[in-house]
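Mind the numbering: the sequence shown is residues 373 to 740 in our numbering, read in order.
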Amino acid sequence: MSTPSILILPGDGIGPEVMAEVRKIIGWLETNRDLKFDVSEDLVGGAAYDAHGVPLHDDTMARAQDVDAVLLGAVGGPKYDDLDFSVKPERGLLRLRKEMDLFANLRPAQCFDALADFSSLKTEIVAGLDIMIVRELTSGVYFGEPRGIFEEGNERVGINTQRYTESEIDRIARAAFELARKRSGKVCSMEKANVMESGILWREVTQRVHDADYPEIELSHMYADNGAMQLVRAPKQFDVILTDNLFGDILSDCAAMLTGSLGMLPSASLGAPMANGRPKALYEPVHGSAPDIAGEGKANPIACILSFAMALRYSFDQGEEASRIEQAIETVLASGARTGDLLGAEGGSAMSTSEMGDAIAAALTDSL
Ligand code: NAD
Numbered sequence: 373m374s375t376p377s378i379l380i381l382p383g384d385g386i387g388p389e390v391m392a393e394v395r396k397i398i399g400w401l402e403t404n405r406d407l408k409f410d411v412s413e414d415l416v417g418g419a420a421y422d423a424h425g426v427p428l429h430d431d432t433m434a435r436a437q438d439v440d441a442v443l444l445g446a447v448g449g450p451k452y453d454d455l456d457f458s459v460k461p462e463r464g465l466l467r468l469r470k471e472m473d474l475f476a477n478l479r480p481a482q483c484f485d486a487l488a489d490f491s492s493l494k495t496e497i498v499a500g501l502d503i504m505i506v507r508e509l510t511s512g513v514y515f516g517e518p519r520g521i522f523e524e525g526n527e528r529v530g531i532n533t534q535r536y537t538e539s540e541i542d543r544i545a546r547a548a549f550e551l552a553r554k555r556s557g558k559v560c561s562m563e564k565a566n567v568m569e570s571g572i573l574w575r576e577v578t579q580r581v582h583d584a585d586y587p588e589i590e591l592s593h594m595y596a597d598n599g600a601m602q603l604v605r606a607p608k609q610f611d612v613i614l615t616d617n618l619f620g621d622i623l624s625d626c627a628a629m630l631t632g633s634l635g636m637l638p639s640a641s642l643g644a645p646m647a648n649g650r651p652k653a654l655y656e657p658v659h660g661s662a663p664d665i666a667g668e669g670k671a672n673p674i675a676c677i678l679s680f681a682m683a684l685r686y687s688f689d690q691g692e693e694a695s696r697i698e699q700a701i702e703t704v705l706a707s708g709a710r711t712g713d714l715l716g717a718e719g720g721s722a723m724s725t726s727e728m729g730d731a732i733a734a735a736l737t738d739s740l
């Protein structure tokens, strides 16, 4: 296969700071693991607005369509709050997701042992937790028509429509089953088939795809409200959770916070396979641009580094190197190293963004 190409879009606020640490890890892989990446960089969000008057230039969009993976830092900040909706920094990110047709959003909730105390749940409930939420991202109630606020008699009515076609359910179910093949072979699909027709169709199509093409995967179905309850009661019963856009929005935030800080959470958004077999892909930390700490060297770069590890696993078939990075992070955290967001109530001294990147690179070297 050709050299993997990556377009880095650092964005705003802490985006460039955490992305600098990803560059460090890419450099480490190139030096020590005989891997080569074709890395380019461009602007997105407020940074693109400042340069071009739009949050994503057409040329950048075209480059994003052309590479194997896009790596994004974060967008937004108070400087841009009063801009017209059409040019707000977030519109740049939404355009990327929409035009690349990234229909599968992968949100892992993985609890590093050293941070198990950080969860709001008891340590034994979250220690060793490793689940993946696969959320449908481009359809469902956030996009369905009709939508709007209408006059009805002498009052107004707000309407949104939950809508899923069979092919939309089919492709997201396949994404979840493929993922499960690389993990423990278990998928739990969540909807509300008890009260929603779209849920009935979701369950039917998911089961059909399973029976036809993934019979070896253990598939279960659960009502999403029960799913939410089970996630906080006994999250380790799950491996891959497959769900729609709305329920996925809520369940993935809930699952993510089982594991502690926003500075630890990666994500991937995948689309259809390209000609070279790699999926269209955008990798980004879940957190935003954190204007309150931007420019101070306080940001935790781990979410962004873990997002790059996801790129290695899902775009570049380098699962072993992804695990090496995750293990290095585990080692660094186990040694007590912490950025400010991970200090907790007992306090201690915080390391800087770049010190954390250095520590992870050093742990990678030690792993050889
Ligand atoms: P945020 O995620 O930027 O910050 C929330 C809190 O978490 C802040 O206290 C921040 O300091 C902290 N935090 C976040 N990431 C951290 C990290 N890596 N290390 C240490 N601490 C971290 O959310 P917000 O404050 O609601 O939004 C700030 C800006 O970011 C807004 O303009 C918002 O629109 C934008 N935003 C962008 C994205 C994105 O780019 N995907 C996502 C969410 C918010």
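The beta carbon of each residue, even a glycine, is placed where N, CA and C say it ideally should be.
- Measuring from the CB of residue 439, is there a heavy atom of the ligand NAD at a distance below 7 Å? Taking the sequence shown and counting its residues from 1, one reaches residue 439 at position 67. Checking the Cβ of residue 439 against the ligand NAD gives no.
- Query: Pick from 506, 534, 436: whose alpha carbon is nearest that of residue 573?
  - Reply: Working through the sequence shown from its first residue, we reach residue 573 at position 201. When each option's Cα is compared against that of residue 573, the closest is 534.
- Determine the burial state of residue 690: buried for a count of at least 16 other Cβ atoms within 10 Å of its Cβ, exposed for fewer. The count along the sequence shown starts at 1 and reaches residue 690 at position 318. Residue environment: residue 690 is assigned as buried (16 or more neighbouring CB atoms within 10 Å of its CB, all protein chains considered).
- Whose C-beta lies closer than 6 Å to the C-beta of residue 514 among residues of the same chain, with five residues either side of it excluded? Residue numbering aside, residue 514 sits at position 142 when the sequence shown is read from its first letter. Same-chain partners within the cutoff: 617.
- Task: Closer than 6 Å by C-beta to residue 412: which residues in its own chain qualify, once you throw out the five before and the five after it? Chain order, please.
- Result: Along the sequence shown, one-based indexing puts residue 412 at 40. When the five nearest sequence neighbours on each side are left out, the beta carbons in the same chain lying within less than 6 Å of the beta carbon of residue 412 are those of 379, in order along the chain.
- Query: Less than 8 Å separating the beta-carbons of residue 710 and residue 687?
  - Reply: Your numbering for residue 710 matches position 338 in the sequence shown. Your numbering for residue 687 matches position 315 in the sequence shown. Contact flag unset, no.
- Message: Among the candidates 485, 425, 469, 440, whose CA atom is the shortest distance from the CA of residue 458?
- Response: Within the sequence shown, numbered from 1, the residue matching residue 458 stands at position 86. In terms of CA proximity to residue 458, 425 leads the group 485, 425, 469, 440.
- Item | C-alpha gap between residue 517 and residue 531, whole angstroms | The residue labelled residue 517 in the question sits at position 145 within the sequence shown. The residue labelled residue 531 in the question sits at position 159 within the sequence shown. Taking the straight line joining both Cα atoms gives about 9 Å.
- Since residue 673 contacts residue 720 with CB under 8 Å, what's their CB separation in whole angstroms? Taking the sequence shown and counting its residues from 1, the one referred to as residue 673 is at position 301. Taking the sequence shown and counting its residues from 1, the one referred to as residue 720 is at position 348. 18 Å between Cβ atoms; not a contact.
- Query: Quick one, which of 409, 433, 384 has its alpha-carbon nearest residue 461's?
  - Reply: For the purposes of this step, residue 461 is taken as the residue at position 89 of the sequence shown. Of the candidates 409, 433, 384, the one whose C-alpha sits nearest the C-alpha of residue 461 is 384.
- Query: Helix, strand or coil: which one does DSSP assign to residue 518?
  - Reply: Residue numbering aside, residue 518 sits at position 146 when the sequence shown is read from its first letter. Strand, per DSSP.
- Within its chain, find whatever has a CB closer than 6 Å to the CB of residue 713; leave out the 5 residues flanking it on each side and keep chain order. Within the sequence shown, numbered from 1, the residue matching residue 713 stands at position 341. The answer, listed in chain order, is 633, 635, 672.
- Item | Assigned exposure category for residue 393 - 16 Cβ within 10 Å defines buried | By 1-based counting over the sequence shown, the position of residue 393 is 21. A buried status is given to residue 393, since no fewer than 16 other beta-carbon atoms sit within 10 Å of its beta-carbon.
- Measuring from the CB of residue 465, is there a heavy atom of the ligand NAD at a distance below 7 Å? By 1-based counting over the sequence shown, the position of residue 465 is 93. Yes, since a heavy atom of the ligand NAD falls inside the 7 Å radius drawn around the Cβ of residue 465.
- Around the C-beta of residue 696, are 16 or more other C-beta atoms found within 10 angstroms, so that it is buried, or is it exposed? Counting from one through the sequence shown, the residue named residue 696 turns up at place 324. Classification of residue 696: buried, given that the 10 Å Cβ count is 16 or more.
- Message: Quick check on the DSSP output: what are the complete alpha helix (DSSP H) runs of length 4 or more inside the segment 488–559, in order along the chain?
- Response: The qualifying runs are 495–498, 538–554.
- Item | Buried or exposed by the 16-neighbour rule on C-beta atoms within 10 Å, applied to residue 477 | Locating residue 477 in the sequence shown gives position 105, where the first residue counts as 1. Flag for residue 477 reads buried.
- Might you give, ordered along the chain, the residues of its own chain that have their beta carbon closer than 7 Å to the beta carbon of residue 396, omitting 5 neighbours on each side? Walking along the sequence shown from the start, residue 396 turns up at place 24. Here residue 396 has 729, 733 as same chain residues with Cβ atoms under 7 Å from its own Cβ, once five neighbours each way along the sequence are excluded.
- Query: Taking the alpha-carbon positions, what's the residue 492 to residue 529 distance?
  - Reply: To locate residue 492, count along the sequence shown from 1; it is residue 120. To locate residue 529, count along the sequence shown from 1; it is residue 157. The alpha-carbon atoms of residue 492 and residue 529 are separated by roughly 38 Å.
- Between residue 503 and residue 607, is the Cβ-Cβ spacing less than 8 Å? As a working mapping, residue 503 is identified with position 131 in the sequence shown. As a working mapping, residue 607 is identified with position 235 in the sequence shown. Using a Cβ distance threshold of 8 Å, residue 503 and residue 607 count as a contacting pair.
- In chain order, what residues of the same chain lie with their CB nearer than 6 Å to the CB of residue 561, ignoring the 5 residues before and after it? Counted from its first residue, the sequence shown places residue 561 at position 189. Excluding positions up to five away in sequence, the list reads 578, 593, 614.
- Query: Nearest CA to the CA of residue 452: which residue from 496, 663, 637, 490?
  - Reply: Here residue 452 corresponds to residue number 80 of the sequence shown, with the count starting at 1. When each option's Cα is compared against that of residue 452, the closest is 663.
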